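Visitor: Quick one: the structure is below, and I'll ask about it shortly.
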Amino acid sequence: MQLLEGSGSILLFARLVIALLPGCSDVEQGPECRAFVACVKEADTVRGTVTNVDRFLPSGACWGGEKGAAVCESACRRGVPVLRAQEPRVACASGEGAR
360 MQLLEGSGSI LLFARLVIAL LPGCSDVEQG PECRAFVACV KEADTVRGTV TNVDRFLPSG
420 ACWGGEKGAA VCESACRRGV PVLRAQEPRV ACASGEGAR
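Quick note: the sequence shown uses the numbering used here, first residue 360, plus one each step.
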């Protein structure tokens, strides 16, 4: 994920935790990840790139259980400022307080 080089460790950690957590409940995509996915799409449009954010989408692996969802929301919360810093041409909103 070239777009997220600065947050690679965040995404790697999120992937590791999610891989270890069994999906057993239906948790909705959180506001932080809605904002993150929108921000990535905007950055992709500006840069002419394509970033795989499938796990953060409403049907993605993040929402299989409460613990995995919390990890993903945390990663998404930290991902938006990283994207803003890497690509000043995007105006990404944070998901804080959004629903």
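Ideal Cβ placement from N, Cα and C applies to all residues, glycine included. None of these values were measured; they are calculated from a predicted model.
Note down the Cα distance separating Thr410 from Gly419, rounded to an integer number of angstroms.
Guide: Position 51 of the sequence shown, counting from 1, holds the residue named residue 410. Position 60 of the sequence shown, counting from 1, holds the residue named residue 419. Straight-line Cα distance between these residues: approximately 14 Å.
Visitor: Under the rule that 16 or more other beta-carbon atoms within 10 Å means buried, what is Gly427, buried or exposed?
Guide: To locate residue 427, count along the sequence shown from 1; it is residue 68. It is buried - the Cβ of Gly427 has at least 16 other Cβ atoms within 10 Å.
Visitor: Please name the residue, chosen from Phe395, Arg448 and Cys451, that lies closest to Phe415 on a Cα-to-Cα basis.
Guide: Taking the sequence shown and counting its residues from 1, one reaches residue 415 at position 56. Selected option, being the one with the closest Cα: Phe395.
Visitor: Give the straight-line distance between the Cα atoms of Trp422 and Val430, rounded to the nearest whole angstrom.
Guide: Locating residue 422 in the sequence shown gives position 63, where the first residue counts as 1. Locating residue 430 in the sequence shown gives position 71, where the first residue counts as 1. If you take the alpha carbons of Trp422 and Val430, they lie about 10 Å apart.
Visitor: Kindly list the residues whose CB is nearer than 7 Å to the CB of Glu466, restricted to its own chain and excluding five residues on each side of it in sequence; keep chain order.
Guide: The structure shown does not extend to residue 466, since the chain spans only 360 to 458, so no value can be given for it.
Visitor: Whose CA, out of Val405, Val399 and Cys435, lies closest to the CA of Ala391?
Guide: Taking the sequence shown and counting its residues from 1, one reaches residue 391 at position 32. In the sequence on display, residue 391 carries Glu and not Ala. Minimum Cα distance to Glu391 is reached at Cys435.
Visitor: Nearest-angstrom Cα distance between Asp385 and Leu442?
Guide: Here residue 385 is taken as the residue at index 26 of the sequence shown, counted from 1. Here residue 442 is taken as the residue at index 83 of the sequence shown, counted from 1. Roughly 28 Å between the two C-alpha positions.
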